[in-house]
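A.B. asks: The sequence shown begins at 11 in this note's numbering and counts up one residue at a time. Cβ atoms here follow ideal geometry from the backbone N, Cα and C, with glycine treated the same way. Sharing a structure here in structure tokens format.
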Amino acid sequence: MKNKERIPVGFITPLVLGTMMNPLNSTMLATALTTICQSFGRNISDGALLITPLYLTSTIGQPLMGRLADLYSPKKVNQLGFLLVLLAGITGTVAPTFDWLIVSRVLLGLGTSAAYPSAIALVNRKYAEAGETVPGGVLGIIAVSGLGSMVLGPVLGGLLSQTFGWKGIFFINIPWVLVSLWLARALPDMPPSAPVSFRELPQKLDMIGILLFSGMLLNLLLLLLHHAFSPGGTLLLGVLLLLLILWERRQSSPFIDVRLFVQQPSLLLVYLSAMATSYVMYLMLYSLPQWMESVKQISPARTGLLLLPMSLVSAATGLLISRHNSLLVKNMAGIGSMIIACIALFFVNASLPMYLLIGITVLVGLSTGINPIANQAWLHEEAPPGRTGVSFGLYRTFSYVGAIVSGSQMKTLYHQGVTDSSFHTVVWYTTASCALMVLLLLPSINRKKELSLR
Numbered sequence: 011m012k013n014k015e016r017i018p019v020g021f022i023t024p025l026v027l028g029t030m031m032n033p034l035n036s037t038m039l040a041t042a043l044t045t046i047c048q049s050f051g052r053n054i055s056d057g058a059l060l061i062t063p064l065y066l067t068s069t070i071g072q073p074l075m076g077r078l079a080d081l082y083s084p085k086k087v088n089q090l091g092f093l094l095v096l097l098a099g100i101t102g103t104v105a106p107t108f109d110w111l112i113v114s115r116v117l118l119g120l121g122t123s124a125a126y127p128s129a130i131a132l133v134n135r136k137y138a139e140a141g142e143t144v145p146g147g148v149l150g151i152i153a154v155s156g157l158g159s160m161v162l163g164p165v166l167g168g169l170l171s172q173t174f175g176w177k178g179i180f181f182i183n184i185p186w187v188l189v190s191l192w193l194a195r196a197l198p199d200m201p202p203s204a205p206v207s208f209r210e211l212p213q214k215l216d217m218i219g220i221l222l223f224s225g226m227l228l229n230l231l232l233l234l235l236h237h238a239f240s241p242g243g244t245l246l247l248g249v250l251l252l253l254l255i256l257w258e259r260r261q262s263s264p265f266i267d268v269r270l271f272v273q274q275p276s277l278l279l280v281y282l283s284a285m286a287t288s289y290v291m292y293l294m295l296y297s298l299p300q301w302m303e304s305v306k307q308i309s310p311a312r313t314g315l316l317l318l319p320m321s322l323v324s325a326a327t328g329l330l331i332s333r334h335n336s337l338l339v340k341n342m343a344g345i346g347s348m349i350i351a352c353i354a355l356f357f358v359n360a361s362l363p364m365y366l367l368i369g370i371t372v373l374v375g376l377s378t379g380i381n382p383i384a385n386q387a388w389l390h391e392e393a394p395p396g397r398t399g400v401s402f403g404l405y406r407t408f409s410y411v412g413a414i415v416s417g418s419q420m421k422t423l424y425h426q427g428v429t430d431s432s433f434h435t436v437v438w439y440t441t442a443s444c445a446l447m448v449l450l451l452l453p454s455i456n457r458k459k460e461l462s463l464r
């Protein structure tokens, strides 16, 4: 039976509030980093220690929470996520030291990771039990809510840190979660028909795969944060990667499905492009506000407002480009706009007029709006039939890895402070990543030409 496009407001509202928390906490931090580092007497580069934990734990936590939602009650997993975010908000608000803020960000990563997979599981089970198809509007609202919170994040973060101090960006999670938990009481509790016992859980979750993947990511992060090259650390990274591949190939339900790359090798190009895109986007997202506050001496609240046109253009462009049918046009527009944005960022300096700075941020908004949509369309075309869910799960994993790399590199690039010169060094890295994106797209273009000539 086909379901009418009627949106159940009471059901969808707590799910939307949950899915907004991860991107909101990501982008709120962008305009508050400088204030936080100054408050604790830390170098501005130490802000990376608050960026990377959320993405590191999200990379591991999102697929883990998704599995728990499938094995147990998605409502309970959803509530667990809210409680972890509540604990993170309290920890961050009362944090006596910088290290406690890192703990708060780890808890935020784990808590917000539960929201999206549990929301999708709740939606699917609700309509499956009623014998109805999921209304496109319901999934659309969940997807757009993440985009909306990314738009809101820099402005809200700037206003909160300007009005209440940096504690405001952590405290906001407390009332947010309390309202969400109160609304989530009405969510249906839909446990699976055959719940998994505690003894079966390690095998069902692929705990060894999780530990290998976690160890590999943690080792990668330590390597990136270390200024000097570490041969031992690099060797350990290679060993962990090899062990992960060998282990996951033998599992019936692997945590990271490496067999997908054998089944569809071209997917690796998509994932590397997603990682490069995420790397560029987050370098821009975090480096630009820090430069504005440190070099231009702009207040956090004003920085957030100056970034609002960028965020609005990003959201609007993403919605518009998603309607275009040509995959090649989407990808070329995405890479082209990102290259133009990078070139424009080289003109950013302390004497740049404000209207030109806003114009450059709008160019950045164009590129950050087009590229994620283009990559997802490319993934949809390359994903093997019947493996779409796994393919998109790996896509999010690679995107998070790109965010981890960008966050950790901020510590290296800004370790002597934020200046015009150090900011332009960041732009050189984003430009090099754009060149990599072009190279990754070329095989796909050549394959399309060959198919059209047959």
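In angstroms with no decimal places, state the Cα-to-Cα distance between leucine 461 and serine 336.
C.D. replies: Residue confidence for leucine 461 is low, a pLDDT of 47 falling below 50, so the modelled location carries little weight; the figure read from the coordinates is stated next. Rounded to whole angstroms, leucine 461 to serine 336 spans 15 Å at the Cα level.
A.B. asks: Measure the CB-CB distance between leucine 166 and arginine 115 and report whether it falls below 8 Å.
C.D. replies: Result no, Cβ atoms of leucine 166 and arginine 115 do not sit closer than 8 Å.
A.B. asks: With a threshold of 16 other CB atoms inside 10 Å of the CB of tryptophan 438, please say whether the residue is buried or exposed.
C.D. replies: Exposed, by the Cβ-count rule.
A.B. asks: Buried or exposed: tyrosine 365, going by 16 or more other Cβ atoms within 10 Å of its Cβ?
C.D. replies: So tyrosine 365 ends up on the exposed side.
A.B. asks: Does DSSP put alanine 40 in a helix, a strand or coil?
C.D. replies: Alanine 40: helix per DSSP, three-state reduction.
A.B. asks: Within its chain, find whatever has a CB closer than 8 Å to the CB of arginine 259; leave out the 5 residues flanking it on each side and keep chain order.
C.D. replies: Closer than 8 Å at Cβ, skipping near neighbours: Val268 and Arg269.
A.B. asks: Which residue marks the beginning of the alpha helix (DSSP H) containing arginine 269, and which one marks its end?
C.D. replies: Counting along the chain, the alpha helix (DSSP H) containing arginine 269 begins and ends at 269 to 273.
A.B. asks: Taking valine 436 as the reference, give the member of Leu25, Leu277 and Pro299 with the closest Cα.
C.D. replies: Nearest option by C-alpha distance: Pro299.
A.B. asks: To which residues of the same chain is isoleucine 6 closer than 8 Å at the C-beta, ignoring the five residues directly before and after it?
C.D. replies: The displayed coordinates of the chain run from 11 to 464. Any statement about residue 6 would go beyond what the structure contains.
A.B. asks: Relative to the C-alpha of proline 453, which candidate in Leu279, Ala140 and Ala58 has its C-alpha closest?
C.D. replies: Answer by Cα proximity: Leu279.
A.B. asks: Using CA atoms only, rank isn't needed, just tell me which of Ala286, Gln386, Gly375 and Ile368 is closest to arginine 333.
C.D. replies: Checked all of Ala286, Gln386, Gly375 and Ile368; the closest Cα to arginine 333 is Gln386.
A.B. asks: Nearest CA to the CA of asparagine 359: which residue from Asp109, Ser401 and Ser431?
C.D. replies: The shortest Cα separation from asparagine 359 among Asp109, Ser401 and Ser431 belongs to Ser431.
A.B. asks: What residue ranges within the stretch 182 to 243 form continuous alpha helix (DSSP H) runs of no fewer than 4 residues, ordered along the chain?
C.D. replies: If we require 4 residues or more, the alpha helix (DSSP H) runs fully inside the stretch 182 to 243 come out as 183 to 194, 211 to 215 and 217 to 235.
A.B. asks: Identify whether lysine 12 lies in helix, strand or coil by the three-state DSSP scheme.
C.D. replies: For lysine 12, the pLDDT reaches just 47, beneath the cut-off of 50, and the residue's location in the model is therefore unreliable, leaving the point undetermined.
A.B. asks: So, for proline 264: in the same chain, excluding its five sequence neighbours on each side, which residues have a beta-carbon less than 7 Å away from its beta-carbon?
C.D. replies: Cβ within range, chain order: Asp216, Gly219 and Glu258.
A.B. asks: So, using beta-carbon positions, are proline 310 and glycine 168 closer together than 8 Å?
C.D. replies: Yes, these two residues count as a Cβ contact at 8 Å.
A.B. asks: Three or more C-beta pairs closer than 8 Å, one from the stretch 366 to 383 and one from the stretch 314 to 328: is that the case here?
C.D. replies: Counting Cβ pairs under 8 Å, three or more are found: they touch.
A.B. asks: With burial defined as no fewer than 16 other Cβ atoms inside 10 Å of the residue's Cβ, what is the status of glutamine 72: buried or exposed?
C.D. replies: Buried is the call here.
A.B. asks: Compare the beta carbon distance of leucine 230 and leucine 247 with 8 Å and say whether it is the shorter of the two.
C.D. replies: Yes. Within cutoff.
A.B. asks: Starting from the Cα of threonine 441, find the closest Cα among Gly346, Leu39, Leu74 and Phe408 and give me that residue.
C.D. replies: Among Gly346, Leu39, Leu74 and Phe408, the Cα nearest to that of threonine 441 is on Gly346.
A.B. asks: Once you ignore the five residues that flank phenylalanine 50 on each side, which residues in its own chain have a CB closer than 7 Å to its CB?
C.D. replies: Here the set comprises Phe108.
A.B. asks: Do you know offhand how far proline 394's Cα is from glutamine 273's?
C.D. replies: Straight-line Cα distance between these residues: approximately 8 Å.
A.B. asks: Can you list, in chain order, the stretches of the alpha helix (DSSP H) that have 4 or more residues and sit fully within the stretch 370 to 445?
C.D. replies: DSSP runs (the alpha helix (DSSP H)) wholly in the stretch 370 to 445: 398 to 423.
A.B. asks: Go ahead and pull the three-state DSSP assignment for alanine 343.
C.D. replies: In this structure, alanine 343 counts as helix in the three-state DSSP scheme.
A.B. asks: So, at 7 Å on beta carbons, what are the nonlocal neighbours of valine 19 in its own chain, with the 5 sequence-adjacent residues on each side left out?
C.D. replies: No residues qualify anywhere along the chain.
A.B. asks: Pick helix, strand or coil for alanine 124, following the three-state DSSP scheme.
C.D. replies: Looking at alanine 124 - three-state DSSP - the assignment turns out to be coil, as it is neither helix nor strand.
A.B. asks: Measuring straight from C-alpha to C-alpha, what distance separates leucine 25 and leucine 446?
C.D. replies: Approximately 37 Å between the Cα atoms of the pair.
A.B. asks: Between which two residues does the alpha helix (DSSP H) harbouring serine 297 extend?
C.D. replies: It spans 277 to 304 - the alpha helix (DSSP H) in which serine 297 sits, taken as one unbroken run.
A.B. asks: In terms of residues, what are the limits of the alpha helix (DSSP H) holding threonine 327?
C.D. replies: Counting along the chain, the alpha helix (DSSP H) containing threonine 327 begins and ends at 318 to 331.
A.B. asks: Excluding five sequence neighbours on each side, which residues of the same chain lie with their C-beta closer than 7 Å to the C-beta of methionine 160?
C.D. replies: The answer, listed in chain order, is Pro33, Thr37 and Ser321.
A.B. asks: Secondary structure at isoleucine 266, three-state DSSP: helix, strand or coil?
C.D. replies: Isoleucine 266 falls in the coil class under three-state DSSP.
A.B. asks: How big is the Cα-Cα spacing for alanine 79 and glycine 28?
C.D. replies: Cα-Cα distance, rounded: 15 Å.
A.B. asks: Exposed or buried, what is aspartate 56 when buried is set at 16 or more other beta-carbons lying within 10 Å of its beta-carbon?
C.D. replies: With 16 or more other Cβ atoms within 10 Å, it is buried.
A.B. asks: Mark leucine 118 as exposed unless 16 or more other C-beta atoms lie within 10 angstroms of its C-beta, in which case mark it buried.
C.D. replies: When all chains shown are included, leucine 118 counts as buried.
A.B. asks: Do methionine 285 and glycine 156 have their C-beta atoms closer together than 8 Å?
C.D. replies: No. Outside cutoff.
A.B. asks: Is leucine 215 near the ligand COA, judged by its Cβ being under 7 Å from some heavy atom?
C.D. replies: Because no ligand of any kind appears in the structure shown, any question about the ligand COA cannot be addressed here.
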